[in-house]
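Residue numbers (our numbering): 29 to 312. We put the beta carbon where it would ideally sit given N, CA and C, even for glycine. Since the model is a prediction, treat every value here as computed from it, not as a measurement.
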């Protein structure tokens, strides 16, 4: 790890969404990487979701994606190559929707499929948004409903309804492009995308980096259809349980928030929404 490079604007220390490196003038380069194993049965939609998830980190920091590289693990001898083609096509189509091209990448023979992107973006100095800078009195916005971890576990357990599956896939495949474009227009103080550490984990990082506390009203949160029913049927991912165990160390739950609801709030997300803090008058 390089600690004395004065070009590094954002590195490991704040656990932000992307690395930020200063170029000439006020221009910054953003760099991020993400990949994971399939969470839905449709290989094309898996490719779309993985790409949207990867690109999201650029939007979360107020940036514009420039180009991407594929990262692929695939069991060549065990699965038809047509499946790989559909995964890659899904990723390419989502990248095109984001206005970028996939210009290369790397693949390995692996025991199970893995897919994601390395994404390079850019942002000007005055438009960079970090997961720090939240201020007392800020309004809090979350741009997508929660529940993707519970629903995708329900898919694996064959308990998720068609409505829940469709809603979760649509949400995960949705780019955070529009939400990202609003960061500067609405003078936000801080932002991050909600992914594997869940709402509570990512909120805690933002609060810690900003030296503030955050109050979340459970009734204001939106969940994908079927999330609570699937949670009641014990479709709780291991990551969600770990998230809650960790979050319990720094979160005070009111007595009205049941353990089931705590798990729903802590649910590990894939391609989740942007968590944004901004002046109250800008949220009205």
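Among 74, 84 and 72, which one has its Cα closest to the Cα of residue 61? On the chain shown, residue 61 is found 33 positions in, with the first residue counted as 1. Checking every option, the nearest Cα to that of residue 61 belongs to 84.
Among 227, 258, 154 and 311, whose alpha-carbon lies nearest the alpha-carbon of residue 297? Here the question's residue 297 lines up with position 269 in the chain shown. Checked all of 227, 258, 154 and 311; the closest Cα to residue 297 is 227.
Indicate the three-state DSSP secondary structure (helix, strand or coil) for residue 55 in the structure shown. Walking along the chain shown from the start, residue 55 turns up at place 27. Strand.
Would you kindly report the start and end of the unbroken beta strand (DSSP E) that includes residue 316? This structure gives no information on residue 316, because the portion of the chain shown stretches from 29 to 312.
Every unbroken alpha helix (DSSP H) within the segment 143-211, with a cutoff of 4 residues, ordered by chain: List check, alpha helix (DSSP H) in window: 176-184 and 190-201.
Evaluate residue 277 with the Cβ neighbour count: other Cβ atoms within 10 Å of its Cβ, from every protein chain shown; 16 or more gives buried, anything less gives exposed. Reading the chain shown from its first residue, position 249 is the one you call residue 277. Exposed is the call here.
Quickly, what does DSSP pair residue 221 with across the bridge? List them, please. As a position in the chain shown, residue 221 is number 193, starting the count at 1. In the DSSP output, where bridge partners are listed per residue, residue 221 has 302.
Taking only three categories from DSSP, how would you classify residue 230? Locating residue 230 in the chain shown gives position 202, counting from the first residue. It is helical.
What three-state label does DSSP hand residue 289 in the structure shown? Here residue 289 refers to the residue found at position 261 of the chain shown. The answer is helix: DSSP assigns residue 289 an H, G or I state.
Measure from the alpha carbon of residue 149 to the alpha carbon of each residue in 205, 309, 73 and 215, then state which is nearest. For the purposes of this step, residue 149 is identified with residue 121 of the chain shown, where counting begins at 1. The residue with the shortest Cα to Cα distance from residue 149 is 205.
Between the Cα of residue 291 and those of 121, 136, 92 and 177, spot the shortest distance and give me the residue it belongs to. As a position in the chain shown, residue 291 is number 263, starting the count at 1. Nearest option by C-alpha distance: 177.
Would you list the one or two residues that DSSP bridges to residue 278? The count along the chain shown starts at 1 and reaches residue 278 at position 250. None, per the DSSP bridge assignment.
When 210, 126 and 241 are compared against residue 166, the one with the closest alpha-carbon: Start at 1 with the first residue of the chain shown, and residue 166 comes out as number 138. Minimum Cα distance to residue 166 is reached at 241.
At the level of alpha carbons, what is the spacing between residue 96 and residue 234? As a first step, residue 96 is located in the chain shown; it is residue number 68 there, counting from the start. As a first step, residue 234 is located in the chain shown; it is residue number 206 there, counting from the start. Each residue's Cα considered, the two are about 27 Å apart.
Could you check which residue in 78, 77, 72 and 90 has the C-alpha nearest to that of residue 56? For this step, residue 56 is matched to residue 28 along the chain shown. Ranking 78, 77, 72 and 90 by CA distance to the CA of residue 56 puts 90 first.
Quick check: the segment 252-261 against the segment 214-231, are at least 3 beta-carbon pairs closer than 8 Å? Short answer: they don't touch.
Taking the DSSP output, what are the residues bridged to residue 96? The sequence position of residue 96 within the chain shown is 68, counting from 1. BP columns for residue 96 point to 130 and 147.
Hey, how far is the Cα of residue 201 from the Cα of residue 54? In the chain shown, residue 201 corresponds to position 173, counting from 1. In the chain shown, residue 54 corresponds to position 26, counting from 1. About 32 Å.
Beta-carbon contacts of residue 129 that lie in its chain and below 8 Å, excluding the five residues immediately before and after: Position 101 of the chain shown, counting from 1, holds the residue named residue 129. Excluding sequence neighbours, residue 129 sits near 95, 96 and 123.
Can residue 263 and residue 182 be called in contact, C-beta distance under 8 Å? Taking the chain shown and counting its residues from 1, one reaches residue 263 at position 235. Taking the chain shown and counting its residues from 1, one reaches residue 182 at position 154. Contact: yes.
Less than 8 Å between the C-beta atoms of residue 66 and residue 74, yes or no? Within the chain shown, residue 66 is the residue found at index 38, counting from 1. Within the chain shown, residue 74 is the residue found at index 46, counting from 1. Against a cut-off of 8 Å, the Cβ pair of residue 74 and residue 66 comes out as a contact.
Which residue's Cα is closest to the Cα of residue 116: 105, 106 and 132? Here residue 116 corresponds to residue number 88 of the chain shown, with the count starting at 1. Closest by alpha carbon: 132.
Straight-line gap, residue 261 to residue 185 (C-alpha atoms, nearest Å): As a first step, residue 261 must be located in the chain shown, where it is residue number 233. As a first step, residue 185 must be located in the chain shown, where it is residue number 157. For residue 261 and residue 185, the gap between their C-alpha atoms comes out near 10 Å.
Measuring CB to CB, does residue 302 end up less than 8 Å from residue 219? Working through the chain shown from its first residue, we reach residue 302 at position 274. Working through the chain shown from its first residue, we reach residue 219 at position 191. Pairing residue 302 with residue 219 gives a Cβ-Cβ distance under 8 Å.
Cβ-Cβ distance between residue 196 and residue 171 below 8 Å: Looking up residue 196 in the chain shown gives position 168. Looking up residue 171 in the chain shown gives position 143. Going by C-beta atoms, residue 196 is not nearer than 8 Å to residue 171.
Which term fits residue 144, buried or exposed, when burial requires 16 or more other beta carbons within 10 angstroms of its beta carbon? What you label residue 144 is simply residue 116 of the chain shown in a count that begins at 1. By the neighbour-count criterion, in which 16 or more other beta carbons inside 10 Å mark a residue as buried, residue 144 falls on the buried side.
Could you give the first and the last residue of the continuous alpha helix (DSSP H) run that contains residue 111? Position 83 of the chain shown holds residue 111. Judged by DSSP secondary structure, residue 111 falls within the alpha helix (DSSP H) whose first and last residues are 109-125.
If you drop the 5 nearest sequence neighbours on each side, which residues of the same chain put their C-beta closer than 6 Å to that of residue 140? As a working note, residue 140 is residue 112 in the chain shown. The residues 65, in chain order, have a CB closer than 6 Å to that of residue 140 in the same chain once the five nearest residues on each side in sequence are set aside.
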